[in-house]
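Notes for the one structure printed next.
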Amino acid sequence: MKWPCLPPPATIEQCQQLLLARFKSGHYILASADKQGYRTLCYYRQTFLFVAMGDEGTSLLRPSTDDHLLGHLWQKASGKIIMVDN
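Next comes the structure, spelled out in structure tokens:
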């Protein structure tokens, strides 16, 4: 899906809403990997799923609300999120 070319978000709230919209489109996931393991966040069947796999096993988190998801993301990775098309 091609997203229209819009100016970048001016506020944190606008950035968060853009992030939610992109996830809910089903065309984006958030993934990261390091020596502690692999993590991915996706929107599947109208539910956010956060899966982490590492030496200590696998965990699955289902954030109950959009606010809970954003709180978790902003706490863990707000300075590291980069949106990339394609």
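Per this note's numbering, residue 6 is the first one in the sequence shown, and the count goes up by one each step. C-beta atoms are modelled at their ideal positions from N, C-alpha and C, and glycine is treated no differently. Computed from a prediction, not measured in an experiment: that's the story for all the values here.
Return the chain-ordered list of same chain residues with a C-beta closer than 6 angstroms to the C-beta of residue i, the five sequence neighbours on each side being excluded.
i, result
"Gln51", "none"
Classify residue i as helix, strand or coil using the three-state DSSP reduction.
i, result
"Arg27", "helix"
"Asp60", "coil"
"Gly76", "helix"
Going by beta carbon distance, what residues of the same chain come within less than 8 angstroms of residue i, once the five residues before and after it are set aside?
i, result
"Ala38", "Arg44"
Let me confirm a value: residue i is counted as buried when at least 16 other C-beta atoms fall within 10 Å, else exposed. Which label applies?
i, result
"Leu78", "buried"
"Leu46", "buried"
"Leu24", "buried"
Could you pull out every residue in the same chain whose Cβ sits closer than 7 angstroms to the Cβ of residue i, ignoring the five residues on either side in sequence?
i, result
"Lys29", "Tyr48"
"Cys20", "Pro14"
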